[in-house]
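> Here my numbering is used: the first residue of the sequence shown is 1, the next is one more, and so on.
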Amino acid sequence: MLKNKNIILGITGSIAAYKAAMLIRLLVTNGANVKVIVTPLAKEFITPVTLATLSKNTVLCDFFHHDDGTWNSHVELGLWADLMLIAPATANTIAKMANGICDNLLLTSYLSVRCPVMIAPAMDFDMFKHPATQKNIETLKSFGNIIIEPTEGELASGLHGKGRMKEPADILKDVVSFFDSKKKLINKTILVTAGPTYEKIDPVRFIGNHSSGKMGYNIAECLAENGAKVELISGPVSMNINHENIHLTKVTSAEEMYNVSISHFQNCDIAIMSAAVADFTPKTQVDSKIKNKTENLVLELIPTKDIALELGKMKKKNQLLIGFALETDNELENAKKKITSKNLDFIVLNSLKDTGAGFKHDTNKITIIDKNNNIEKFELKTKREVASDIVNKIIKLIT
Ligand code: CTP
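#1: Note down, in chain order, each residue of its chain lying with its Cβ closer than 8 Å to the Cβ of G31, except the 5 sequence neighbours on either side.
#2: Measure the CB-CB distance between E199 and S253 and report whether it falls below 8 Å.
#3: Please check the pair I94 and I119, which I expect to be a contact at CB under 8 Å, by giving their CB distance rounded to whole angstroms.
#4: Would the beta-carbon of I369 be found less than 7 Å away from any heavy atom of ligand 1?
#5: Please determine whether the Cβ atom of G10 lies at a distance below 7 Å from any heavy atom of ligand 1.
#6: Tell me the DSSP secondary structure of S351 in three-state form.
#7: Around the C-beta of F64, are 16 or more other C-beta atoms found within 10 angstroms, so that it is buried, or is it exposed?
#8: Does the separation of the CB atoms of T367 and E379 fall below 8 Å?
#9: On the three-state DSSP scale, how would you describe A228?
#10: What are the partner residues of H247, as DSSP defines its beta bridges?
#11: Candidates L349, S234, V28, K371: which alpha carbon is nearest E255's?
#12: If we count Cβ pairs, one from each stretch, closer than 8 Å, do we get three or more for the region 308-321 versus the region 343-356?
#13: Nearest to E385 by CA position, among G78, N372, P303, N364, is which residue?
#14: Looking at ligand 1, does it come within less than 7 Å of K35, judged from the CB to the closest heavy atom?
#15: Could you say which of K393, L107, V176, N259 lies nearest to T29 if we only look at CA atoms?
#16: When we look at the beta-carbon of A132 and count the other beta-carbons within 10 Å, is it buried (16 or more) or exposed?
#17: Do N245 and K230 come within 8 Å of each other at the CB atom, strictly closer than that value?
#18: For K381, which beta-bridge partners are listed by DSSP?
#19: Which residues mark the beginning and the end of the alpha helix (DSSP H) in which F128 is found?
#20: Skipping 5 residues on each side, what residues in its chain have a beta carbon closer than 6 Å to that of S112?
#21: Could you pull out every unbroken beta strand (DSSP E) segment of at least 3 residues lying fully inside the region 302-331, listed in chain order?
#22: Taking 8 Å as the threshold (C-beta atoms), are L105 and C61 in contact?
#23: Can we count A17 as close to ligand 1, meaning its CB is less than 7 Å from some heavy atom?
#24: Compute the distance between the beta-carbons of G195 and S211, then report whether it is under 8 Å.
#25: Go through the region 26-59 residue by residue and report every complete run of the beta strand (DSSP E) that reaches 3 residues or more, in order.
#26: Is the closest heavy atom of ligand 1 to the C-beta of L248 under 7 Å?
#27: Suppose you measure from the CA of S55 to the CA of Q134; what does that come to, to the nearest Å?
#28: Where does the unbroken alpha helix (DSSP H) through A169 begin, and where does it stop?
#29: In this structure, does DSSP put L191 in helix, strand or coil?
#30: Measure from the alpha carbon of V204 to the alpha carbon of each residue in F265, Q285, S261, I137, then state which is nearest.
#31: Could you check the C-alpha separation between V237 and A275 for me, to the nearest Å?
#32: When burial is assigned at 16 or more other CB atoms within 10 Å of the CB, is I148 buried or exposed?
#33: Please list the terminal residues of the continuous alpha helix (DSSP H) segment that includes I262.
Next up, the structure:
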């Protein structure tokens, strides 16, 4: 649910800090990467060893490491995070946040983050209802921060009232629904083809290509994280994928990939053709192994069906079709021709001439060309980042 989400968990000096241990566990088991920042006082309530073990990351507290002269960069942390969650947040920390005071690492990080901030107050009833605290909370809301309202119940002081930090399981629900609300592809069904195809010669031999499937699998994952239901149709690759929104069908040949793609397309809103489909297949595929002989072997190859071309013909007005072009020469020109011939909405071009682009690499360098001839060039990036650029282009087109 929170796969690949980077969360800074800020913990302050409240008795509710013990609940932060469970909260970290829930965030981590749901796939989030968690980095914990504690205020100096929080360490009186919960040990950094517990927090580091559960979060699988060093717990940050001080600005400097006095032993080796290095420092914890709150700016880097701020850029890393998709969400900053402060739970529990004391009246003191809330007051400092509302006033821009930054005398500890948690507070400097709060001022530096560019991501949304969620705050789960925890304090005594009278402190919570005090006009000063209420005013500070209103100020934080006016900054766009999200307040996870405390609940009513027995407080550590023995008093009864509003001020208890929400239970970790409920905070998790709030975090998940927060990320869900940002998902732009909810209710979309998207077909993705990925990987190579293997064209059988005999039971032990095939014609294949070097596609690893990484690009398509990364796209599928990125789409799923944005709420889409993904039909991933993959040729033979060693990768696997595990996401509740992704339905994976493994195929071997171009013919099989064609049949599965055609059968799903009418129920899809978008199709992304990232597979490196074989263009030719042996005319005859023999069932017994071809024996070693002295004379030459001639294989007759016939063209396979072009999946993208066929989907382009079937495409309705409300559907989008996205293709890939892996080129070695006249890249732009060839890619543009494919937009027209296959009726694509945009094409993702990568050139084998670019170092780090194309098959096998963990990186790719792409140019997106759309049917209106808008051209966007991207830097060399990880395939995961490239997937995100492609998905953002789709989101832009549909919203
Ligand atoms: N494609 C497809 N089915 C095929 C061949 C290609 O769906 N049988 C798709 C690819 O997944 C890609 C796009 O068509 O999205 C372009 O593929 P590419 O191999 O670059 O182009 P081809 O049309 O095969 O042309 P050529 O190999 O001559 O460059």
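Note that the Cβ used here is the ideal one computed from N, Cα and C, for glycine as well. Predicted model only: the values in this text are computed from it and were never measured.
Once the coordinates are examined:
#1: Within the sequence shown, numbered from 1, the residue matching residue 31 stands at position 31. Cβ neighbours of G31 beyond the five flanking positions: M1, L2, K3, N4, K5.
#2: For the purposes of this step, residue 199 is taken as the residue at position 199 of the sequence shown. For the purposes of this step, residue 253 is taken as the residue at position 253 of the sequence shown. Here E199 is near S253, since their CB atoms are less than 8 Å apart.
#3: Here residue 94 refers to the residue found at position 94 when the sequence shown is read from its first residue. Here residue 119 refers to the residue found at position 119 when the sequence shown is read from its first residue. Between I119 and I94 the Cβ distance is about 7 Å, and since that is below 8 Å, they are a contact.
#4: If you number the sequence shown from 1, residue 369 lands on position 369. Because no heavy atom of ligand 1 lies under 7 Å away, the Cβ of I369 does not count as near it: no.
#5: Translated into the one-based positions of the sequence shown, residue 10 becomes position 10. Flag unset: Cβ of G10 not near ligand 1.
#6: Stepping through the sequence shown from its first residue, residue 351 is reached at position 351. DSSP places S351 in strand when its eight states are reduced to three.
#7: Reading the sequence shown from its first residue, position 64 is the one you call residue 64. So F64 ends up on the exposed side.
#8: One-based indexing of the sequence shown puts residue 367 at position 367. One-based indexing of the sequence shown puts residue 379 at position 379. Not a contact, by the Cβ cut-off of 8 Å.
#9: Here the question's residue 228 lines up with position 228 in the sequence shown. Correct three-state label for A228: coil.
#10: Here residue 247 corresponds to residue number 247 of the sequence shown, with the count starting at 1. Looking at the DSSP assignment, H247 forms a beta bridge with E231.
#11: One-based indexing of the sequence shown puts residue 255 at position 255. Among L349, S234, V28, K371, the Cα nearest to that of E255 belongs to S234.
#12: yes
#13: Your numbering for residue 385 matches position 385 in the sequence shown. Minimum Cα distance to E385 is reached at N364.
#14: Taking the first residue of the sequence shown as 1, we reach residue 35 at position 35. False, no ligand heavy atom lies under 7 Å from that Cβ.
#15: Counting from 1 along the sequence shown, the entry for residue 29 is found at position 29. Cα-wise, what sits closest to T29 is V176.
#16: The residue labelled residue 132 in the question sits at position 132 within the sequence shown. Taking all protein chains shown into account, A132 has fewer than 16 neighbouring C-beta atoms within 10 Å of its C-beta and is therefore exposed.
#17: Looking up residue 230 in the sequence shown gives position 230. Looking up residue 245 in the sequence shown gives position 245. For the sequence presented, residue 230 should be read as Val rather than Lys. Yes, Cβ-Cβ distance for V230 and N245 is below 8 Å.
#18: Counting from one through the sequence shown, the residue named residue 381 turns up at place 381. Paired residues: N364.
#19: Numbered from its first residue, the sequence shown carries residue 128 at position 128. Segment 125-129, the alpha helix (DSSP H) holding F128.
#20: Here residue 112 corresponds to residue number 112 of the sequence shown, with the count starting at 1. Closer than 6 Å at Cβ, skipping near neighbours: H74, V75, G78.
#21: 320-327
#22: Residue numbering aside, residue 61 sits at position 61 when the sequence shown is read from its first letter. Residue numbering aside, residue 105 sits at position 105 when the sequence shown is read from its first letter. Yes, the pair counts as a contact, with Cβ atoms nearer than the cut-off.
#23: Along the sequence shown, read from residue 1 onward, the residue named residue 17 stands at position 17. No, the beta carbon of A17 sits no closer than 7 Å to any heavy atom of ligand 1.
#24: Working through the sequence shown from its first residue, we reach residue 195 at position 195. Working through the sequence shown from its first residue, we reach residue 211 at position 211. Taking 8 Å as the Cβ cut-off, G195 and S211 qualify as a contacting pair.
#25: 33-38
#26: Counted from its first residue, the sequence shown places residue 248 at position 248. Not so, every heavy atom of ligand 1 lies at least 7 Å from the Cβ.
#27: Taking the first residue of the sequence shown as position 1, residue 55 is located at position 55. Taking the first residue of the sequence shown as position 1, residue 134 is located at position 134. C-alpha separation (whole angstroms): 32 Å.
#28: The residue labelled residue 169 in the question sits at position 169 within the sequence shown. Looking at the DSSP string, the run of the alpha helix (DSSP H) that includes A169 is 168-182.
#29: The count along the sequence shown starts at 1 and reaches residue 191 at position 191. DSSP places L191 in strand when its eight states are reduced to three.
#30: On the sequence shown, residue 204 is found 204 positions in, with the first residue counted as 1. It is Q285.
#31: Against the sequence shown, residue 237 aligns to sequence position 237. Against the sequence shown, residue 275 aligns to sequence position 275. Each residue's alpha carbon lies about 11 Å from the other.
#32: Residue numbering aside, residue 148 sits at position 148 when the sequence shown is read from its first letter. By the 10 Å Cβ count, I148 comes out buried.
#33: The residue labelled residue 262 in the question sits at position 262 within the sequence shown. Counted as a single uninterrupted DSSP element, the alpha helix (DSSP H) harbouring I262 occupies residues 254-265.
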